[in-house]
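This report concerns only the one structure given below.
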Amino acid sequence: MKWFRDAKVGIKLVLGFAVMIVMMGLIGFSGYRGVSKIQKSLDAIFAVAMPSIDYLIEADRDLQQLLVAERSMMFAEAGSDAFKQFADDYETNMKQAETRFDKYKALATSAKEKALIPEYEKARAEWKALTRRVVEARKTDTLQGRQEALNLSLGEAAVKFEAMRDYIDQLTGIKLDHADAERQNSAAAYRGTLISQSVLVGIGLLVGIFLTWAISRSVTQPLRRVIEHLKASSNQVASASEQLSASSQSLAEGSTEQAAGIEETSSSLEEMASMAKQNSDNAGQADSLMKETNGVVKQSSADMAELTGSMDEISKASEETQKIVKTIDEIAFQTNLLALNAAVEAARAGEAGAGFAVVADEVRNLAIRAAEAARNTSDLIEGTSQKIQSGASLVGRTNTGFQAISESASKVGDLVAEIAAASNEQAQGVDQINNAVVEMDKVVQNNAASAEESASSSQEMIVQAEQMKGMVAELVGLVEGRRNTPAAATRGASQTRSGFVSKAGTGAASPRKATVSSPSSRTPEQMIPLDDAEAFSEF
Amino acid sequence: MDTTKAGKYLTFKLADEDYGLSLLKVREIIGMMPITSVPRTPDFVKGVINLRGKVIPVTDLRRRFDMPEIGYTDRTCIIVVEIQTAESTLQMGIVVDAVTEVLPVREEEIEPAPEFGASVDTRYILGMANMEGAVKILLDIDRVLTTEEIAEIEKAA
Numbered sequence: 084m085k086w087f088r089d090a091k092v093g094i095k096l097v098l099g100f101a102v103m104i105v106m107m108g109l110i111g112f113s114g115y116r117g118v119s120k121i122q123k124s125l126d127a128i129f130a131v132a133m134p135s136i137d138y139l140i141e142a143d144r145d146l147q148q149l150l151v152a153e154r155s156m157m158f159a160e161a162g163s164d165a166f167k168q169f170a171d172d173y174e175t176n177m178k179q180a181e182t183r184f185d186k187y188k189a190l191a192t193s194a195k196e197k198a199l200i201p202e203y204e205k206a207r208a209e210w211k212a213l214t215r216r217v218v219e220a221r222k223t224d225t226l227q228g229r230q231e232a233l234n235l236s237l238g239e240a241a242v243k244f245e246a247m248r249d250y251i252d253q254l255t256g257i258k259l260d261h262a263d264a265e266r267q268n269s270a271a272a273y274r275g276t277l278i279s280q281s282v283l284v285g286i287g288l289l290v291g292i293f294l295t296w297a298i299s300r301s302v303t304q305p306l307r308r309v310i311e312h313l314k315a316s317s318n319q320v321a322s323a324s325e326q327l328s329a330s331s332q333s334l335a336e337g338s339t340e341q342a343a344g345i346e347e348t349s350s351s352l353e354e355m356a357s358m359a360k361q362n363s364d365n366a367g368q369a370d371s372l373m374k375e376t377n378g379v380v381k382q383s384s385a386d387m388a389e390l391t392g393s394m395d396e397i398s399k400a401s402e403e404t405q406k407i408v409k410t411i412d413e414i415a416f417q418t419n420l421l422a423l424n425a426a427v428e429a430a431r432a433g434e435a436g437a438g439f440a441v442v443a444d445e446v447r448n449l450a451i452r453a454a455e456a457a458r459n460t461s462d463l464i465e466g467t468s469q470k471i472q473s474g475a476s477l478v479g480r481t482n483t484g485f486q487a488i489s490e491s492a493s494k495v496g497d498l499v500a501e502i503a504a505a506s507n508e509q510a511q512g513v514d515q516i517n518n519a520v521v522e523m524d525k526v527v528q529n530n531a532a533s534a535e536e537s538a539s540s541s542q543e544m545i546v547q548a549e550q551m552k553g554m555v556a557e558l559v560g561l562v563e564g565r566r567n568t569p570a571a572a573t574r575g576a577s578q579t580r581s582g583f584v585s586k587a588g589t590g591a592a593s594p595r596k597a598t599v600s601s602p603s604s605r606t607p608e609q610m611i612p613l614d615d616a617e618a619f620s621e622f
Numbered sequence: 006m007d008t009t010k011a012g013k014y015l016t017f018k019l020a021d022e023d024y025g026l027s028l029l030k031v032r033e034i035i036g037m038m039p040i041t042s043v044p045r046t047p048d049f050v051k052g053v054i055n056l057r058g059k060v061i062p063v064t065d066l067r068r069r070f071d072m073p074e075i076g077y078t079d080r081t082c083i084i085v086v087e088i089q090t091a092e093s094t095l096q097m098g099i100v101v102d103a104v105t106e107v108l109p110v111r112e113e114e115i116e117p118a119p120e121f122g123a124s125v126d127t128r129y130i131l132g133m134a135n136m137e138g139a140v141k142i143l144l145d146i147d148r149v150l151t152t153e154e155i156a157e158i159e160k161a162a
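Protein chains in written order, with the numbering used here: chain A, 84 to 622; chain B, 6 to 162.
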């Protein structure tokens, strides 16, 4: 039976119907056989026996009428119209009787009949000769002839007539027996047919019931499974479609936001490009300014060199002045010595030298003041000289500083030129980025449109899935009968999802629930489409 | 020799100390000039100078007072003094670090020379002039050099 279960539905149906057709053929054949037997018997009865009996009875009646006409001629005047009428009747009936018997003779079949027919014909010939004599005798229209005819007719001819008729009766009896035998044949055929038909119909019914059960079982069971899977998958398709729709919509929204972001980016990039250009211009200006600065620094360096020369000259002049001051100091020292010597002389002069001593003291004071002034000047010049020296070193340092500045300025100039070039390249790069962003914008717009389309497609899919559910319900109705699935039939496309989802969820979602992380408030049941591969593989 | 020590003194500097010399003993003050050294003379005799045709012996007081010698500066002076010996008056130059001034010293400002014991000879100090917080040593130039020394100097001259 396994091959049967595995066979195609078409093959199953063809097989079942073939068995039933064979059964029908057998039943038909047995019926046909019985009916044809009955038909044969009926044919024998109605086409052979009954016409034969009819002919025999009619021939007998003709003979009776002929007898009536023969007897009637006895009482009619010879040569009268009535006599002629009777004579005609006589002849007609004679012919008719012969014709009808001949017709019967053609239908005669059995050996018994064929044996009796010559006997009858012999009796008829004997009777015929007698009756002819009767008629001839009457035609003479004499009393004698009439007496003779009457005697003959009532005597010998009547005996022969009855003998002849006896054969006819015997033949009729044989035919009746034949008919009865055929009737019994027919009844036997009817009974046989009835039994065989009953048996065959019984077998056919059993086979039919079995086949109906087996085929319907073998068709409906897979169908039920298919329906279950279809239900589950249509629900999954519906939920997946909804999910897809939601994600498509969110994608569309995201794409729109992205597009807005890209537009912002584009404007920012344009600003950046203009800023980079401005940077480039500024860097160029800075470059020229740095070149100017370099010139100024060189000028300053030359000025500093001049300043150094001037300070050297000042230093030399100070040294000269210092020499002069030293000379003055020397002179003051000598004057002091002179004053002291004058004081010595004045002291030696005693009273006379008192005035001179005062003068000498004054001179000495002058000399001391001159020396002090010289010393102060010397100190001042010394300080100036030191300051000039420190200034000279400062100038030297400043000079080296200016040289460093000059070098730095030229380096800065180079760097600024590089910055200008880099800014130009940057501006170009930003322009390229801007072009790319414009392309991206187009792509994102397309994406948004595609996402919208896919959202509407998934909406369409949801509708299709709902329709599919309706179809599944219809299929359930087809398989289970409408009365068994009233809910499925009435729910149709607007079937409540929760029931389906919970049903599918209990079966499928549990093993993968942990691995599939739902992004938001989606129930795990909406993730089930993943689990369908196994279910579909069964198909 | 006067009993009174008051009078005018020529002060000079020697190794950061102020010394006084009676003005009447001073003949002349001259700036530093070339000194011709004389062989076979005592250690403290520097040599002789030619002062306007007159040869005068020069002693170094730093050497005499056992002070470290320093090089001569443009302030270094030679004071020509007259030393009164028993027989005659001798002119002699003494080298000092610098001549300061002529200063009148009153009697009450002069204190006697301190006594450091018998081994220390302080006879060549006239006294200590205590003036305006500074102490100036007043020298008796006649006794700074001993008679023998003067004799030696006379020989050199």
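Glycine included, each C-beta is placed from N, C-alpha and C at the ideal position.
I need the straight-line Cα distance from residue i to residue j, nearest angstrom please.
| i | j | result |
| --- | --- | --- |
| alanine 134 of chain B | threonine 391 of chain A | 56 Å |
| serine 383 of chain A | isoleucine 488 of chain A | 11 Å |
| aspartate 48 of chain B | serine 42 of chain B | 11 Å |
| phenylalanine 184 of chain A | isoleucine 140 of chain A | 10 Å |
| asparagine 517 of chain A | alanine 385 of chain A | 51 Å |
| proline 117 of chain B | proline 44 of chain B | 39 Å |
| serine 426 of chain A | glycine 438 of chain A | For clarity, residue 426 of chain A is alanine in the given sequence; the question names serine instead. Distance between the alpha carbons of alanine 426 of chain A and glycine 438 of chain A is about 10 Å. |
| glutamate 157 of chain B | threonine 46 of chain B | 7 Å |
| valine 92 of chain A | leucine 561 of chain A | 16 Å |
| serine 539 of chain A | leucine 327 of chain A | 10 Å |
| tryptophan 210 of chain A | lysine 243 of chain A | 5 Å |
| valine 140 of chain B | lysine 470 of chain A | 40 Å |
| alanine 592 of chain A | glutamine 319 of chain A | Only weak support exists for where alanine 592 of chain A lies, its pLDDT of 37 falling under 50; the value from the coordinates is given anyway. Taking the straight line joining both Cα atoms gives about 11 Å. |
| glutamate 137 of chain B | isoleucine 115 of chain B | 12 Å |
| leucine 109 of chain A | arginine 274 of chain A | 17 Å |
| proline 73 of chain B | alanine 432 of chain A | 38 Å |
| arginine 32 of chain B | serine 473 of chain A | 49 Å |
| asparagine 419 of chain A | valine 379 of chain A | 57 Å |
| glutamine 179 of chain A | isoleucine 136 of chain A | 15 Å |
| lysine 399 of chain A | threonine 64 of chain B | 41 Å |
| glutamate 354 of chain A | arginine 480 of chain A | 46 Å |
| lysine 205 of chain A | glutamine 253 of chain A | 15 Å |
| threonine 182 of chain A | alanine 165 of chain A | 25 Å |
| glutamine 332 of chain A | serine 350 of chain A | 27 Å |
| serine 468 of chain A | asparagine 459 of chain A | 14 Å |
Quick check: residue i and residue j, are their CB atoms within less than 8 Å of each other?
| i | j | result |
| --- | --- | --- |
| alanine 27 of chain A | glutamate 535 of chain A | Chain A is shown from 84 up to 622; residue 27 of chain A falls before or after that span and cannot be answered. |
| valine 520 of chain A | serine 317 of chain A | no |
| isoleucine 366 of chain A | alanine 503 of chain A | First, the residue type needs correcting, since residue 366 of chain A is alanine and not isoleucine in the sequence shown. A contact, by the Cβ cut-off of 8 Å. |
| valine 441 of chain A | alanine 422 of chain A | no |
| leucine 235 of chain A | alanine 220 of chain A | yes |
| isoleucine 464 of chain A | threonine 404 of chain A | yes |
Apart from the five residues just before and just after residue i, which ones in its own chain have a Cβ nearer than 6 Å to its Cβ?
| i | result |
| --- | --- |
| isoleucine 128 of chain A | Ala262, Glu265 |
| lysine 314 of chain A | Val555 |
| alanine 240 of chain A | Leu213, Thr214, Val217 |
| asparagine 530 of chain A | Ser338 |
What distance in whole Å lies between the Cβ atoms of residue j and residue i, which are believed to be in contact at a cut-off of 8 Å?
| i | j | result |
| --- | --- | --- |
| isoleucine 35 of chain B | isoleucine 75 of chain B | At roughly 19 Å, the Cβ-Cβ gap does not stay under 8 Å, so isoleucine 35 of chain B and isoleucine 75 of chain B are not in contact. |
| lysine 95 of chain A | serine 301 of chain A | 6 Å |
| alanine 457 of chain A | alanine 415 of chain A | 6 Å |
| alanine 159 of chain A | aspartate 172 of chain A | About 11 Å separates the two Cβ atoms, so there is no contact after all. |
Return the chain-ordered list of same chain residues with a C-beta closer than 8 Å to the C-beta of residue i, the five sequence neighbours on each side being excluded.
| i | result |
| --- | --- |
| leucine 28 of chain B | Gly12, Lys13, Tyr14, Leu15, Val107 |
| aspartate 395 of chain A | Ala475 |
| serine 193 of chain A | Ile257, His261 |
| arginine 248 of chain A | Asp143, Leu146 |
Within its chain, find whatever has a CB closer than 7 Å to the CB of residue i; leave out the 5 residues flanking it on each side and keep chain order.
| i | result |
| --- | --- |
| lysine 381 of chain A | Ser489 |
| threonine 223 of chain A | none |
| aspartate 462 of chain A | none |
Closest Cβ-Cβ distance between residue i and chain D: below 8 Å?
| i | result |
| --- | --- |
| leucine 449 of chain A | Although the question refers to chain D, the structure presented lacks it and instead comprises the protein chains A and B. |
Closer than 9 Å, Cβ to any Cβ of chain A: which residues of the segment 7–25 of chain B, in chain order?
Gly12, Lys13, Leu15
Residues, ordered as in the chain, of the segment 108–123 of chain B that lie near chain A by beta-carbon distance below 7 Å
Listed in sequence order: no entries.
Can you pull out the residues from the segment 27–48 of chain B whose beta carbon lies closer than 8 Å to at least one beta carbon of chain A?
Leu28, Leu29, Val31, Arg32, Glu33, Ile34, Ile35, Gly36
Note down, in chain order, all residues in the segment 93–104 of chain B with a beta-carbon under 7 Å from any beta-carbon belonging to chain A.
Val104
Name the residues in the segment 464–491 of chain A whose C-beta lies less than 7 Å from a C-beta of chain B; which are they?
So the list is empty, because no residue satisfies the distance condition.
Taking only beta carbons into account, state which residues of the segment 430–458 of chain A come closer than 9 Å to chain B, listed in chain order.
Ala430, Arg431, Ala440, Ala443, Asp444, Arg447, Ile451
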